[in-house]
Structure formats: structure tokens, C-alpha cells
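Okay, so the sequence shown: first residue is 76 according to the numbering used here, each after it adds one. Note sheet for the following structure.
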Amino acid sequence: MMQLSEQEIIRRQSMDELNKLGINPYPAELFEVNITSEEIHANYPQREYKNVSIAGRIMTRRVMGNASFAELQDEAGRIQIYFRRDDICPTDDKTLYNIVFKKLLDIGDIIGVNGFVFTTQTGEVSIHVTSFKVLAKALRPLPIVKETQDDQGNTILHDAFTDPEQRYRMRYVDLTVNPKVRDAFVKRTQLVNSMRSYLTGKGYLEVETPILQPLYGGAAAKPFKTHHNSLDMTLYLRIANELYLKRLIVGGFNGVYEFSKDFRNEGMSRFHNPEFTQVELYVAYKDYYWMMDLVEEMIEKAAVDLHGTTEVKVGENTINFKRPWKRFTMYEAIQHFTGIDISEMDEVALRETCKQLQVPADSTMGKGKLIDQIFGEKCEHQLIQPTFITDYPLEMSPLAKKHRSKPGLVERFEAICNRKEICNSFSELNDPIDQRARFEEQLELGKRGDEEAMTLDEDFLRALEYGMPPTAGLGIGIDRLAMVMTNSPSIQDVIFFPQMKPEKNLAVDPQTEFEQAGIRADLIPILIKLGVQSMVQLKEMKPTKLFNDIPGMRKKLKLETVQNPTLQEIEGWQNA
């Protein structure tokens, strides 16, 4: 049975009272909105607003007898609203104000109001409410974020909803109480729109390709696996859409692109999510040199579209996307940052170099993986400004064309920015004989234990045998690029609903279980009031937070005789 808090019980009782008064707390009919809070703040008093209709969530309330103030939050911001009893209830029946507004509405409830805009005596632009309507009753209380100013004028947040796991898991609450969070997602959409506009303006066709694929390919990654019941066959969620887009080039399209959801069954970190977004582009009769110029131009345009400048603040650094970007070959980058020239080394020598540089390596890694490991450990984290890394070893790039003048290398580049790869590009391999040999080499790596080795796709090889023109291909990770463009430290900050571990089912522990952990009986009601509902939950909390919160709740509950626990005592509960 679901355990309700005191606030949740009160709100359900208020909902029942609304129903008894004939007020549907969840009405079906539309509520006409004709303005936003942002429009009012931007245009008043230069423009009069005598009849506004606005809807949003109550975020603060100040009830003062026959007149009250509240703060309403809509999609665009917040605005103060003013209620006067006799305006809301012009007849003798004052129920709508005295009972509904004052007693049955709570912070977090969604209402619609009609009225006119005015300025209060303190100079605050507000809406004088002439009528209001309950649109949705919130049955759970929002975390209340309070702001104060210190002596230097700095804003200090109290009771902020800042726990990352809770923010990502309950994004709906995060967006409500931390409205600045939405800015990153608005910019992410603007980023995609800017890139889509650029590519469409070049005349390239946006297409869709299968997410469920009988063979996974186009990248080195572990797939998610599923089963099609009607066809009785194994299918994979795509790890990339490259091979299908190339089939379209074979079919005669000169330029195709796709913004796609891709899936890789790998670890999670602040740079990796199993489900991610990328854009892939393939253009016939071009090469990777041409594609570098396109990437510079497109990302420079996106930065200007989002920020009005090519300079973007990211952490302590200022990233400048203005063309041209710095360029290193992979061998040049490794030599630049380690002082070691690996260009002529075989696999044995590379393993010795890994030992010398203290770079982790294992027996499943071939020559290409070892070089990639050295670059990743010793070079990538030092690249802050946008930088192209070009001319990769053949072993690392089974889908790229051999370099026209450098034996053993392929025509490939990656763009690195703020220490992470943001895009990958090839002069695409269109020789079906060479492609088959590369796939077969990947199969051998798979036999050695490389779980990310590519599969051999016979249908793709058949398509190449019909002839694919020289083609430049590109993949850009939208999530990674959005992190940079929005100054976000984690990929979870630019994905509305990132993948999370299963949420623990919290049930209220019996008092004896708390006592068995060494918690005094007189402290248990305080912990429950603080929302601590299980020993599992208590052990995951920071002891310093409990140490600071318990005295405040003890005082609020007027339990003066209860002795506050020491920090060591709280740590003892968590170790029980």
C-alpha cells in the first residue's frame, strides 16, 4: 500500500472538497491563453493590458485577509498575481475566495486567471485577477526553492532541488523548480534546427532508415538485441545508420542525412548514454578534406545562431568555433603530446610503448586499438579548442578509404573539442573487394574477444558491388555537441530523460528496524517528517545533511526535549 505523507493526505482532502463544491479539479474543456508572463514584462507599461488570460502553476502565496498575492509560473517565466475577495466574488457568496483560493489551493496547483495588468505600490508588474479557474490539483508538494541575498548581493539558494539522480529521474519536477534547466534544452533544439537548416539549404535530403536491423554495423560497439515474434528472427537496435545511408547513395541520391536515435549496449558516464542522438551525412563526389570545411562552416554557424558569437563559455574555458580550426594527423598529435613517433611501429612495439607510457592495454587489442588507446590516454584530454585529428591507421577504420598518398593510413578525421570527440568522418570506402577484406579482419578480431568488432554485412557488400560513387561521410554526436554549446558538465543535463538505474521501492520501515540501527525512538518521527522512509534511503543520504536538517525539523515540531544526534551518531546509523 502506498504510504502518503501528511502533505499528500491534506492535498487529497482538498481535492475531495473541491469536488463536493462542484469544482472539477481536472476539467476537460480548454482554457484560452492569450499572453505569456514574458510578453507582459517586456511590453508593460508601454502597452496596456486590460484583458489578459494566462495559465500556470502557483509557486508562492501570500494570503492576507480579503486580499492576497501569488506568483504564477508559465512556460516563459513568472509574474505576480493579485486577488481581491470582492472582485473574485462580487455577490454575497464568497466561497471561491474564502474557501477555494485560501484553503483548498496549494503551491504547485495549476490555475488559469483573467484580469488586467497594473503596477503595485512597490513597483512590481502584476495581474489584478478578476476571475480564476482550477485547471489541475497537484497531489504532491513541490520542493520549495527559496532565494536570499548575502551581504555582497549574491543569491543564495535554500532547499534547492539539486540532487542529480532525483533531477534526472524526475525531470518534470526539475523543470518546474529549476526553470533555468529548460534553457539548455531550448538551445539543444535550436542547435538541431540550425544544423537541419544548413543541410537542407545545401540541397541534401533528410531521410529515415531502420532502427531495428537484422545486422548491426557502421560503428564499433555492442548492440542491444531483441526478437521479432512474427518473423521468428533476432533483430538489433541500430548502433549507427551509416550502412543504410550509403545504400541510398548507391541508389542515386547525391546527398542524404538523418538525425537519428542510436543505441549502444555499453557503460554509462557523464559522456555516454546508451540511447543517444547523432546526425549522419553522406555526400557523393566529395572527400574528407571537403567535409572538414563543411563541419567548420556548419558548427560555426550553429554557435552564432545560439549565442550571437563564435565564442562559447564552457567551464573555465572559452571555446572559439571560428574557422579555420587547428589540424593534426593522429601520429603528429601523439608525437606532439608524448614526444614519441609511433608511425613505424608494429603491434609488439606499440605494446612496449603502452607500457612505457603507462597506458592500459590487453591481449584483445590489435594495432589500431593500441594506437587509439595511446591517443585517448595521452592526447584527447589536452585538446580544448576545436581540433581536427586526421589520417588514422587502417586497422582503426574498417569503413574508410585507404589514404591516397600515405600507405597504412585511411582518409578519416575526428573533431575534438573540450577534450571529447564531437564528430567522425571518412572518405568512404567504396571498393567492395577491399571492404570485404576489412570485414573479414573484423571477424578475426571478434574471435580474439573484441566485443566491438564489426559484423560482415553481405547485403551492404552487394550494394557496393553495384557501384557507389566517391563519397564523404560524417557523423556528429548531438548530445556531446549540445553539452559544449550549453556549458553542461554531463550528458544527462542535455537529455530530458537519461537512462537510470531502477528506482528502489521505498516503503516505511517499522520503528523497530530504525531502532535496530541504533536510532533513538524520539528521533524517528523527525526522520519520517524529513522524508526518510527506509534504512536503504537513510544510508544513501549525506550524513552532514541529516546533521544539519534534524535540528531544524526538531525545532519546527517543537520537540525541545529531544537531544540532537552527533555527526558520529548519524554515521553509526549508516554503518549499522
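Note that the Cβ used here is the ideal one computed from N, Cα and C, for glycine as well. In this text, all values refer to a predicted model and were calculated from it rather than measured experimentally.
By the CB criterion at 7 Å, residue 503 and residue 552 fall outside the cutoff. If you draw a 10 Å sphere on the C-beta of residue 572, you find fewer than 16 other C-beta atoms in it, and that means exposed.
Look at residue 180 here: in three-state DSSP terms it is coil, with no helix or strand label. Within the DSSP secondary-structure output, residue 287 pairs in a beta bridge with 312.
Secondary structure at residue 217: coil, using DSSP grouped into helix, strand and coil. In the DSSP annotation of this structure, the continuous segment of the alpha helix (DSSP H) that includes residue 269 starts and ends at 256–276. Contact annotation: residue 273 and residue 201 have beta-carbon atoms that are not nearer than 7 Å. Considered as a whole, the stretch 379–462 harbours 386–389, 392–395 and 401–404 as its complete beta strand (DSSP E) runs of no fewer than 3 residues, in chain order. Counting only residues of its own chain and dropping the five nearest sequence neighbours on each side, residue 622 has a CB closer than 7 Å to the CB of 642 and 645. The beta carbon of residue 136 sits closer than 6 Å to the beta carbons of 145 from its chain, once the five residues preceding and following it are set aside; these are given in chain order.
Proximity to residue 254 across 237, 270 and 268 peaks at 237, based on C-alpha coordinates.
Between the stretch 207–219 and the stretch 96–108, the count of Cβ pairs shorter than 8 Å is three or higher; the stretches touch. Taking a C-beta distance under 7 Å as the contact criterion, residue 412 and residue 457 qualify as a contact pair.
Residue 117 sits in a helix when the DSSP states are folded into three classes. Taking C-alpha positions only, residue 629 is separated from residue 635 by approximately 7 Å.
For the pair of segments examined, the stretch 390–409 was found to touch the stretch 487–495: the number of CB pairs separated by less than 8 Å reaches three. Between the stretch 280–288 and the stretch 308–319, the count of Cβ pairs shorter than 8 Å is three or higher; the stretches touch. DSSP places residue 630 in no beta strand (DSSP E) but in the uninterrupted alpha helix (DSSP H) bounded by 618–631. Assignment of residue 537 by DSSP, reduced to helix, strand and coil, places it in the helix class. Closest option to residue 558, judged by alpha-carbon separation, among 604, 245 and 497: 497. Distance from the CA of residue 235 to the CA of residue 192, rounded to the nearest whole angstrom, comes to 31 Å.
Here DSSP, grouped into helix, strand and coil, assigns residue 579 to coil.
When DSSP states are grouped into helix, strand and coil, residue 239 belongs to the helix group. Residue 296 is positioned such that its CB atom lies closer than 7 Å to that of residue 527.
Within 10 angstroms of the beta-carbon of residue 651 lie fewer than 16 other beta-carbons, which makes it exposed.
Excluding the 5 residues flanking it on each side, residue 577 has no same chain C-beta neighbour closer than 7 Å. The three-state secondary structure of residue 138, taken from DSSP, is strand.
About 28 Å separates the Cβ atoms of residue 461 and residue 529, ruling out a contact at the 8 Å cut-off.
Apart from the 5 residues on each side of it in sequence, residue 106 sits with its Cβ closer than 8 Å to the Cβ of 128, 130, 187, 208 and 210 in its chain, given in chain order. Beta-bridge analysis with DSSP links residue 468 to 484. Secondary structure remark: continuous alpha helix (DSSP H) runs of at least 4 residues inside the stretch 492–567, in chain order: 507–522, 533–540 and 553–560. The C-alpha of residue 83 lies about 11 Å from the C-alpha of residue 181.
Residue state for residue 96 is assigned as coil, using DSSP reduced to three classes. In the three-state DSSP reduction, residue 589 falls in the helix class (H, G or I).
Selection 352, 248 and 482 evaluated against residue 466 yields 482 as nearest (Cα-Cα).
Residue 594 sits in coil when the DSSP states are folded into three classes, being neither helix nor strand.
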